[in-house]
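What follows is one structure encoded as structure tokens, with my remarks underneath.
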Ligand SMILES: Nc1ncnc2c1ncn2[C@@H]1O[C@H](COP(=O)(O)OP(=O)(O)O)[C@@H](O)[C@H]1O
Ligand SMILES: [Mg+2]
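Chains as they are written, first to last, in this note's numbering: chain A, 372 to 657; chain B, 8 to 264.
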């Protein structure tokens, strides 16, 4: 490990550039009324309205596009009586526990790997090409291999998701580590910190904002892998529910499943942002 | 008495055609306040980093009490222009950082940190987060954090460079107070001519291409302040104005050519 390989790089900003949207007007005070959030809400409402109208007027056959009411009815039925031998809550619990187990695996493996990439030439040489070549492979491609190696049990499903999460966690950690300011490290060393202490007391906390961003991206990647993971002999889970429904052309359940996943992913994103705010309140304030 | 010394130090960065600094010697005793001045790029930071053990000289050597300097250490605590404080810690925890590294128990290091915060006149800021502090307050925390390491020498790289003029003037007397109270030797880099005069016991003027010493001034204005003379009276002294003119000449020597 050589602390000498740090380069200074400002941490990536996650916010969008507001000035891009108003390039040729004079700077003006922010109006309280029209926020981005309101626009998002209106967009969703408009989509719902369009969906309702086209379903009610039977512009599209219900097999292809069931009405919002039908989807909602399916949600109620699935929540109460279940679908393919499990209630909606059980499907959700099964999927959530897989995603979170995978997240734990991705953190336990990905953070040290990212640290190694960020602080050592050997680490970068070993892990960077591995991760970069792993990243673009679709989960359905490595799924058979994992089934052959690890069987069809729960570990295989978790592993499929964890592999998809590994690259975002490790690469964000590495970016955070490389972005640690040289002066911070030098100050710590001159106060008597050993290399281990520099990593523990300076590098990791400095990289924390970036690591948390990585976790957020990883969760997104995890959800997109869920359906593939639950192709493997699952009896529960949102991905499994959607596939079962698709086999019988139960389109309303498919749509219901998609909306449930979207809602959960949205809620998790919100929670993680809250955690970020509590855990790294200094980002953007220095 | 331990000395921090640079002996004919040449700094040559990898991949650079010419050395950044060539054959510079400095000797800083424990009660000294040595200030490096000179235009940008003449190697002030490089020399300070050699003394800190953060940059290895290509030729010559840096010694601390006669022993070669090979690594940074708490006997030579560094303070940078951009405070380099840790935003995940409170002001008190920042100050206590060196003590935490040494495994000093939490209550003991908190007490020591509060003493040092008091010394830099930040009595009530212990629980504050770094981003809640002004630039001047941050530099005070940075100085207290360096002093917590119980250094024999303080190495300051433009510590007041990012502050506004008024805050800067207040911080200069704070620096002199700390220097007198902590009984340390100081090596400091600054761009301020008046700042150098107010603080230094010795001013070393560097010129670029590659960085070398053009003149050294022995001054006494800082000691006079430490002995109790008001800073306004010192600055109004004719000797102050005369030295200031000489120093300015030395810095800009050859510039017009
Ligand atoms: N890490 C480095 N790598 C290469 N060149 C450097 C490095 N640090 C400083 N230099 C060069 O060395 C010279 C002296 O720099 P520095 O010591 O920072 O001067 P000063 O602090 O007086 O402005 C400059 O020309 C600068 O570009
Ligand atoms: Mg400099």
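Beta carbons: idealized from backbone N, C-alpha and C, even for Gly.
{"Item": "Any heavy atom of ligand 1 within a distance shorter than 8 angstroms of the CB on residue 575(A)?", "Value": "no"}
{"Item": "Measuring alpha carbon to alpha carbon, tell me which of 651(A), 443(A), 412(A) and 491(A) ends up nearest residue 570(A).", "Value": "491(A)"}
{"Item": "Can you find a CB in chain B that lies within less than 9 angstroms of the CB of residue 563(A)?", "Value": "yes"}
{"Item": "By DSSP's criteria, residue 34(B) is part of a beta bridge. Which residues make up the other side?", "Value": "12(B)"}
{"Item": "Just the C-alpha distance for residue 592(A) and residue 640(A), rounded to the nearest angstrom, thanks.", "Value": "12 angstroms"}
{"Item": "Residues around ligand 1, please: the condition is that the C-beta lies closer than 5 angstroms to some non-hydrogen atom of it.", "Value": "20(B), 27(B), 47(B), 48(B), 49(B), 50(B), 51(B), 52(B) and 53(B)"}
{"Item": "As a quick exercise: from 637(A), 646(A), 602(A) and 406(A), pick the residue whose alpha carbon is nearest that of residue 512(A).", "Value": "602(A)"}
{"Item": "Within 10 angstroms of its Cβ, does residue 20(B) collect 16 or more other Cβ (buried), or is it exposed?", "Value": "exposed"}
{"Item": "What does a CB cutoff of less than 6 angstroms around residue 175(B) pick up in its chain, not counting 5 residues either side in sequence?", "Value": "167"}
{"Item": "Whole angstroms is fine: what's the gap from residue 465(A)'s alpha carbon to residue 535(A)'s?", "Value": "18 angstroms"}
{"Item": "Would you please verify whether the beta carbon of residue 170(B) is less than 9 angstroms from any beta carbon of chain A?", "Value": "no"}
{"Item": "Under 8 angstroms Cβ-Cβ, which residues of chain A neighbour residue 81(B)?", "Value": "561, 562 and 563"}
{"Item": "Can you name the residues that DSSP bridges to residue 192(B)?", "Value": "160(B)"}
{"Item": "Let's see if you can read the secondary structure: which residues bound the alpha helix (DSSP H) around residue 137(B)?", "Value": "No alpha helix (DSSP H) contains residue 137(B), which DSSP labels as neither H nor E."}
{"Item": "Curious, which full-length beta strand (DSSP E) runs of at least 3 residues does the stretch 47–112 of chain B contain?", "Value": "66–71 and 83–86"}
{"Item": "In chain order, what residues of the same chain lie with their CB nearer than 7 angstroms to the CB of residue 165(B), ignoring the 5 residues before and after it?", "Value": "88, 196, 197 and 198"}
{"Item": "Would DSSP call residue 219(B) helix, strand or coil?", "Value": "strand"}
{"Item": "Examine ligand 2 and report whether any of its heavy atoms sits within less than 8 angstroms of the Cβ of residue 554(A).", "Value": "no"}
{"Item": "Would a check of beta-carbon distances place residue 147(B) closer than 9 angstroms to chain A?", "Value": "no"}
{"Item": "Determine which residues share a DSSP beta bridge with residue 658(A) and list them.", "Value": "Missing from the structure shown is residue 658(A); chain A here goes from 372 to 657 and no further."}
{"Item": "Let me know the secondary structure DSSP gives residue 29(B) once reduced to three states.", "Value": "strand"}
{"Item": "Tell me whether residue 152(B) sits in a helix, a strand or coil according to DSSP, three-state version.", "Value": "helix"}
{"Item": "Step through the CB atoms of chain C and report whether any lies within less than 9 angstroms of the CB of residue 186(B).", "Value": "Going by chain labels, chain C is absent from the structure shown, which instead holds the protein chains A and B."}
{"Item": "Return helix, strand or coil for residue 429(A), following the three-state DSSP convention.", "Value": "coil"}
{"Item": "Is residue 209(B) helix, strand or coil when you go by DSSP?", "Value": "strand"}
{"Item": "Is DSSP giving residue 225(B) helix, strand or coil here?", "Value": "strand"}
{"Item": "Assign residue 41(B) to one of three DSSP states: helix, strand, or coil.", "Value": "strand"}
{"Item": "Does any residue of chain B bring its CB to less than 9 angstroms from the CB of residue 392(A)?", "Value": "For residue 392(A), the predicted model reports a pLDDT of 47, less than 50, meaning its position is unreliable and no value from the coordinates is stated."}
{"Item": "Using the Cα positions of residue 229(B) and residue 13(B), report the straight-line distance between them to the nearest angstrom.", "Value": "23 angstroms"}
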